[in-house]
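Asker: Order-wise, the sequence lines are chains A and B. Residue numbering for the first sequence follows full-length UniProt numbering, starting at 1 and increasing by one per position. Residue numbering for the second sequence follows full-length UniProt numbering, starting at 1 and increasing by one per position. Once you've had a glance at the structure underneath, I'll fire off some questions.
Number of protein chains: 2
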Amino acid sequence: MSLGIKNRQDQKRVIVIGAKGHIGQAAMTDLGEHEVIMASRRGGGGDARHLRVDITDVDSVSTLFQDVIEHHGPFDAVISAVGHCEYADFESMTNDQWATTIASKLVGQMNVVREGLKYIREGGSFTLISGILNVKPMPKGIADATTSGAIDTFVKCVAHELPRGIRINAVNPTVIESAWEDYRDMMPGYQPVADKLVGKAFRRCVDSFITGQVIFVDA
Amino acid sequence: MSLGIKNRQDQKRVIVIGAKGHIGQAAMTDLGEHEVIMASRRGGGGDARHLRVDITDVDSVSTLFQDVIEHHGPFDAVISAVGHCEYADFESMTNDQWATTIASKLVGQMNVVREGLKYIREGGSFTLISGILNVKPMPKGIADATTSGAIDTFVKCVAHELPRGIRINAVNPTVIESAWEDYRDMMPGYQPVADKLVGKAFRRCVDSFITGQVIFVDA
């Protein structure tokens with residue numbers, strides 16, 4: 001039985017930036033009914049559905065959106081599943097480590113929204129990634145936590161001023177199962193969540209009407 | 001009558017960075033019993049109690065603390081009442097405006113803590129400034145809001161790892177009365193608060209035992 005209510009429009013064209021990473025892969029677990037264009041730092045080596053982008057470079061971000069429109073057509077949603085963070089104790093974290101983290105996780109993701117706004121369809125959506133450390137801090141996680149707090153705040157505040165019915169949200173997950181081997185030694189007492197739950201969160205941001213929200217995915 | 005309970009140690013040496021600004025002046029309204037060393041971008045023109053500092057320059061910040069110790073002695077508390085923000089609609093805010101705001105309000109204040117940690121006395125405290133726009137967003141305030149959210153998060157998370165009993169908090173005020181003339185046109189529907197209430201918040205951070213907290217001063 002079904003209620004016969006379909007809570008989405010027709011198929012959307014969704015750009016997933018950081019498609020090769022754990023979170024990017026998780027984000028794609030529930031996008032099956034949409035047309036997905038992948039983007040990553042290395043690109044897909046000639047695959048027309050997997051483009052190259054460096055989010056710390058505004059021109060590269062702009063080129064990505066132009067290329068998608070030229071080769072595939074207008075797009076409805078952008079998922080950012082990227083943002084490099086450096087991990088160190090606060091007292092030993094260097095200027096460069098702070099600068100790298102801020103340029104990628106914070107400014108890089110804002111670049112995606114700033115440039116994407118010029119190209120995205122009316123009623124489109126942006127979904128950014130933050131991470132649980134801003135509400136569950138851990139040793140060596142201060143740069144991740146600080147930039148995650150900035151992204152969560154950015155999304156909540158900027159949503160009010162996006163034009164043309166465009167929405168923006170953030171997914172704030174704890175560590176996911178597929179990445180647990182890499183993080184388990186750093187994160188005693190944290191419970192990984194299934195990748196598909198993170199996929200559900202991204203999917204809800206793409207297909208629902210919510211905006212200015214931070215979707216926590218935690219156990 | 002008095003309870004005879006004195007909730008503070010003896011006189012402390014407190015460095016107030018941004019002492020010439022509205023918030024810096026407000027911060028000093030309730031520090032009377034302490035010895036205050038002022039610092040600002042222009043300095044006090046030879047006044048030994050008013051030094052020069054540029055928080056966006058790590059060396060300048062380090063020099064400030066060394067100079068205080070050399071000329072005045074060890075210090076117990078640092079109040080940061082600085083952080084330049086650019087104001088513009090999100091769609092028109094430039095790379096430079098974002099970079100300037102992040103370098104000052106976010107990285108600049110973190111520089112104060114990073115460098116100050118090397119010099120501050122055991123049991124000392126840092127108090128940073130954020131601002132109400134991260135919880136009460138307004139048009140043109142996105143860079144202020146985003147960096148305030150980052151500062152609030154930073155303070156809450158980094159408090160866990162400061163050594164030697166050192167504390168850190170943030171004061172998050174709405175606009176204050178002495179600055180209302182400058183901001184009133186930009187902030188319809190906001191109620192300014194008395195400068196001395198902001199002074200009380202800074203004083204409490206200096207003299208209480210709280211750490212990892214954001215003290216909102218709002219009406």
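Every residue, glycine too, gets a C-beta built ideally from N, C-alpha and C. Since the model is a prediction, treat every value here as computed from it, not as a measurement.
(1) According to DSSP, what are the bridge partners of A/THR127?
(2) Going along the stretch 185–206 of chain B in order, which residues come within less than 9 Å of chain D, judged by CB to CB distance?
(3) Would you list, in sequence order, the uninterrupted beta strand (DSSP E) runs of no fewer than 3 residues that lie entirely inside the stretch 5–71 of chain B?
(4) Of all the CB atoms in chain A, is at least one closer than 7 Å to the CB of B/PHE65?
(5) My output table needs one value for A/GLN213: the three-state DSSP class, helix, strand or coil.
(6) Ends of the alpha helix (DSSP H) at A/PHE90?
(7) To which residues of the same chain is A/ARG167 closer than 6 Å at the C-beta, ignoring the five residues directly before and after it?
(8) Answer yes or no: do B/PRO192 and B/TRP180 have a C-beta to C-beta separation smaller than 7 Å?
(9) Verify the contact flag: A/PHE126, CB atom, against every heavy atom of the ligand PLP, threshold strictly below 6 Å.
(10) Strictly under 7 Å for the Cβ-Cβ distance: is A/GLY149 near chain B by that measure?
(11) Using a Cβ cut-off of 7 Å, pull out every chain A residue sitting near B/ALA88, in sequence order please.
(12) In chain A, which residues lie less than 7 Å from B/LEU117 when you measure between Cβ atoms?
(13) DSSP on B/ILE120, reduced to helix/strand/coil?
(14) By the three-class DSSP mapping on this structure, what secondary structure does A/VAL198 have?
(15) By the three-class DSSP mapping on this structure, what secondary structure does B/SER175 have?
(16) Starting from A/ASP185, trace the alpha helix (DSSP H) both ways and give me its first and last residue.
(17) In the DSSP assignment, the alpha helix (DSSP H) including B/CYS157 goes from what residue to what residue?
(18) Excluding sequence positions up to five away, which residues of its chain have a Cβ less than 6 Å from the Cβ of B/ALA103?
(19) Using a C-beta to C-beta distance shorter than 7 Å, which residues of chain B count as neighbours of A/VAL158?
(20) Listed from N- to C-terminal order along the chain, which residues in the stretch 98–130 of chain B have their beta-carbon within a distance smaller than 9 Å of any beta-carbon of chain A?
(21) Look at the alpha carbon of B/ALA99 and the alpha carbon of B/MET110, and state the distance between them as a whole number of angstroms.
(22) Suppose contacts are defined by Cβ-Cβ distances below 7 Å. Is B/ILE151 in contact with B/LEU128 by that definition?
(23) If the criterion is Cβ atoms closer than 7 Å, does the pair A/VAL68 and A/MET38 meet it?
(24) Rounded to whole angstroms, what is the Cα-Cα separation between A/ASN134 and A/SER148?
(25) Keeping to the same chain, check which residues put their C-beta closer than 7 Å to that of B/TYR183; ignore five residues upstream and five downstream.
(26) Based on the DSSP output, what are the partners of A/VAL107 in its beta bridges?
(27) Which residues, in chain order, does the stretch 49–64 of chain B contribute to contact with chain A at a C-beta distance below 9 Å?
(28) Against chain A, with Cβ distances strictly below 7 Å, would B/PRO173 count as a contact?
(29) Beta carbon of B/ARG114, beta carbon of B/PHE75: below 7 Å?
(30) In chain order, what residues of the same chain lie with their CB nearer than 6 Å to the CB of A/LYS196, ignoring the 5 residues before and after it?
(31) Is any beta-carbon of chain A found at less than 7 Å from that of B/GLU177?
(32) Helix, strand or coil, according to DSSP, for A/VAL135 in the structure here?
(33) Check the Cβ of A/PHE216 against every Cβ in chain B and list those closer than 9 Å, keeping chain order.
(34) Short of 6 Å in beta carbon distance, which residues of its chain neighbour A/LYS156, apart from the five on each side in sequence? Order them along the chain.
Answerer: Considering the structure as presented:
(1) One-based indexing of the first sequence puts residue 127 of chain A at position 127. Answer by DSSP bridge pairing, in chain order: A/ILE79 and A/ASN169.
(2) The structure shown has no chain D; the protein chains it does contain are A and B.
(3) 13–17, 35–40 and 50–52
(4) By one-based count along the second sequence, residue 65 of chain B stands at place 65. No, because no Cβ of chain A sits closer than 7 Å to the Cβ of B/PHE65.
(5) Counting from one through the first sequence, the residue named residue 213 of chain A turns up at place 213. A/GLN213: strand per DSSP, three-state reduction.
(6) Your numbering for residue 90 of chain A matches position 90 in the first sequence. Careful: A/PHE90 lies outside any alpha helix (DSSP H) and carries neither H nor E.
(7) Here the question's residue 167 of chain A lines up with position 167 in the first sequence. Cβ within range, chain order: SER125 and THR211.
(8) Counted from its first residue, the second sequence places residue 192 of chain B at position 192. Counted from its first residue, the second sequence places residue 180 of chain B at position 180. Yes; because the gap between Cβ atoms is below 7 Å, this pair is in contact.
(9) Questions concerning the ligand PLP fall outside what the structure shown contains, since it holds no ligand whatsoever.
(10) Position 149 of the first sequence, counted from the start, is the residue given in the question as residue 149 of chain A. True, the Cβ-Cβ gap to chain B drops below 7 Å.
(11) In the second sequence, counting from the first residue as 1, residue 88 of chain B sits at position 88. Ordered by position in chain A, no residue passes the 7 Å Cβ test against B/ALA88, which lies about 11 Å from the chain.
(12) For the purposes of this step, residue 117 of chain B is taken as residue 117 along the second sequence, with counting starting at 1. Those are GLU91, listed as they occur along chain A.
(13) Taking the second sequence and counting its residues from 1, the one referred to as residue 120 of chain B is at position 120. B/ILE120 falls in the coil class under three-state DSSP.
(14) The residue given as residue 198 of chain A occupies position 198 in the first sequence. Here A/VAL198 sits in helix by DSSP.
(15) Along the second sequence, one-based indexing puts residue 175 of chain B at 175. Looking at the sequence itself, residue 175 of chain B is Val, so the reference to Ser does not match. DSSP places B/VAL175 in coil when its eight states are reduced to three.
(16) Counting from 1 along the first sequence, the entry for residue 185 of chain A is found at position 185. First-last for A/ASP185: undefined, no H or E at that position.
(17) If you number the second sequence from 1, residue 157 of chain B lands on position 157. Counting along the chain, the alpha helix (DSSP H) containing B/CYS157 begins and ends at 142–158.
(18) Here residue 103 of chain B corresponds to residue number 103 of the second sequence, with the count starting at 1. Taken in chain order, the residues that qualify are THR56.
(19) Against the first sequence, residue 158 of chain A aligns to sequence position 158. In chain order: PHE90 and ILE142.
(20) TRP98, ALA99, ILE102, LEU106, VAL107, MET110, ASN111, VAL113, ARG114, LEU117 and LYS118
(21) As a working note, residue 99 of chain B is residue 99 in the second sequence. As a working note, residue 110 of chain B is residue 110 in the second sequence. Between B/ALA99 and B/MET110, the C-alpha separation is close to 15 Å.
(22) Residue numbering aside, residue 151 of chain B sits at position 151 when the second sequence is read from its first letter. Residue numbering aside, residue 128 of chain B sits at position 128 when the second sequence is read from its first letter. The answer is yes: Cβ separation under 7 Å.
(23) Here residue 68 of chain A is taken as the residue at index 68 of the first sequence, counted from 1. Here residue 38 of chain A is taken as the residue at index 38 of the first sequence, counted from 1. It is not a contact, given that the beta carbons lie outside the stated cut-off.
(24) Looking up residue 134 of chain A in the first sequence gives position 134. Looking up residue 148 of chain A in the first sequence gives position 148. When rounded, the distance between both Cα atoms is 6 Å.
(25) Counting from one through the second sequence, the residue named residue 183 of chain B turns up at place 183. Within the same chain, B/TYR183 has close Cβ partners VAL175.
(26) Start at 1 with the first residue of the first sequence, and residue 107 of chain A comes out as number 107. Answer is none; A/VAL107 lacks a bridge partner.
(27) VAL58
(28) Working through the second sequence from its first residue, we reach residue 173 of chain B at position 173. No, B/PRO173 does not count as interfacial toward chain A.
(29) Along the second sequence, one-based indexing puts residue 114 of chain B at 114. Along the second sequence, one-based indexing puts residue 75 of chain B at 75. The answer is no: Cβ separation not under 7 Å.
(30) Locating residue 196 of chain A in the first sequence gives position 196, counting from the first residue. Excluding positions up to five away in sequence, the list reads THR29.
(31) Along the second sequence, one-based indexing puts residue 177 of chain B at 177. For B/GLU177, the answer is no, since every Cβ of chain A falls outside 7 Å of its Cβ.
(32) Within the first sequence, the letter at position 135 stands for residue 135 of chain A. Reduced to three states, the DSSP call for A/VAL135 is coil.
(33) The residue given as residue 216 of chain A occupies position 216 in the first sequence. Those within 9 Å of A/PHE216 in chain B number zero; the least Cβ separation is about 14 Å.
(34) Indexing the first sequence from 1 puts residue 156 of chain A at position 156. So the qualifying residues of the chain are GLY212.
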